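*Asks:* I have a structure here, written as structure tokens, and I will follow up with some questions on it.
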Amino acid sequence: MEAAGTRGTGDAPASAPAAPRGYTLIGPDNRPYRSTTPGTLGGHRPGRRYGRLDCPSALRAVAAGHYVRHRVFFADEPTAVAAGYRPCAVCLPEEYRTWKTRKTRRTRP
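In structure tokens form, the structure reads like this:
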């Protein structure tokens, strides 16, 4: 015999409230942390690049199955820069030019 309120009555058992969705972001120390807020920028760990979540170059790579396991996310641009990532030349061309100019000036004798 079934217990009251379990099967066959149409009553759904009381469930615990759903836990808030969690996101793993990369902090300024380049270490992952959990957040309840999704990241605003995506990145490629081996290439040390960050860019917009709608970057055409990144979306093509993800659609082709490339670098999905190397994808990281950041709360904002200052965090990505502090973690040692550079801007994407495709989706952030102005930021990339600024980064490239600074890098070139530092490496010239």
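Just so it is clear: in the sequence shown, position 1 is 1 by the UniProt record's numbering, and no numbers are missing. Even for Gly, the Cβ is constructed at its ideal location relative to N, Cα and C. Owing to the predicted nature of the structure, the values given are computational and were not obtained by experimental measurement.
Assuming residue 32 is part of the beta strand (DSSP E), what are its boundary residues?
*Replies:* Taking the first residue of the sequence shown as position 1, residue 32 is located at position 32. Its beta strand (DSSP E) spans residues 32-35.
*Asks:* Provide the residue span of the alpha helix (DSSP H) that contains residue 79, from first to last.
*Replies:* Translated into the one-based positions of the sequence shown, residue 79 becomes position 79. Per DSSP, residue 79 belongs to the alpha helix (DSSP H) from 77-82.
*Asks:* Is the distance from the Cβ of residue 88 to the Cβ of residue 31 below 8 Å?
*Replies:* Taking the first residue of the sequence shown as position 1, residue 88 is located at position 88. Taking the first residue of the sequence shown as position 1, residue 31 is located at position 31. Contact flag unset, no.
*Asks:* In the structure shown, what three-state DSSP assignment does residue 46 receive?
*Replies:* In the sequence shown, the residue the question calls residue 46 occupies position 46. Correct three-state label for residue 46: coil.
*Asks:* Which whole-angstrom value is the C-beta distance of residue 91 and residue 51, which I expect to be below 8 Å?
*Replies:* Residue mapping note: residue 91 aligns to position 91 of the sequence shown, counting from 1. Residue mapping note: residue 51 aligns to position 51 of the sequence shown, counting from 1. With a Cβ gap of about 4 Å, residue 91 and residue 51 count as contacting.
*Asks:* Is residue 85 helix, strand or coil by DSSP?
*Replies:* What you label residue 85 is simply residue 85 of the sequence shown in a count that begins at 1. In this structure, residue 85 counts as coil in the three-state DSSP scheme.
*Asks:* By the three-class DSSP mapping on this structure, what secondary structure does residue 68 have?
*Replies:* In the sequence shown, residue 68 corresponds to position 68, counting from 1. Reduced to three states, the DSSP call for residue 68 is helix.
*Asks:* In the DSSP output, which residue or residues are listed as bridge partners for residue 25?
*Replies:* For the purposes of this step, residue 25 is taken as the residue at position 25 of the sequence shown. Looking at the DSSP assignment, residue 25 forms a beta bridge with 33.
*Asks:* What is the DSSP secondary structure of residue 2, counted as helix, strand or coil?
*Replies:* As a first step, residue 2 is located in the sequence shown; it is residue number 2 there, counting from the start. Reliability of the predicted coordinates at residue 2 is poor, the pLDDT of 46 falling under 50, and the value obtained from them is presented with this limitation in mind. Coil.
*Asks:* Name the one or two DSSP bridge partners that residue 41 has.
*Replies:* Locating residue 41 in the sequence shown gives position 41, counting from the first residue. According to DSSP, residue 41 bridges with 52, 74.
*Asks:* CA-CA distance, residue 61 and residue 93?
*Replies:* Here residue 61 refers to the residue found at position 61 of the sequence shown. Here residue 93 refers to the residue found at position 93 of the sequence shown. If you take the alpha carbons of residue 61 and residue 93, they lie about 18 Å apart.
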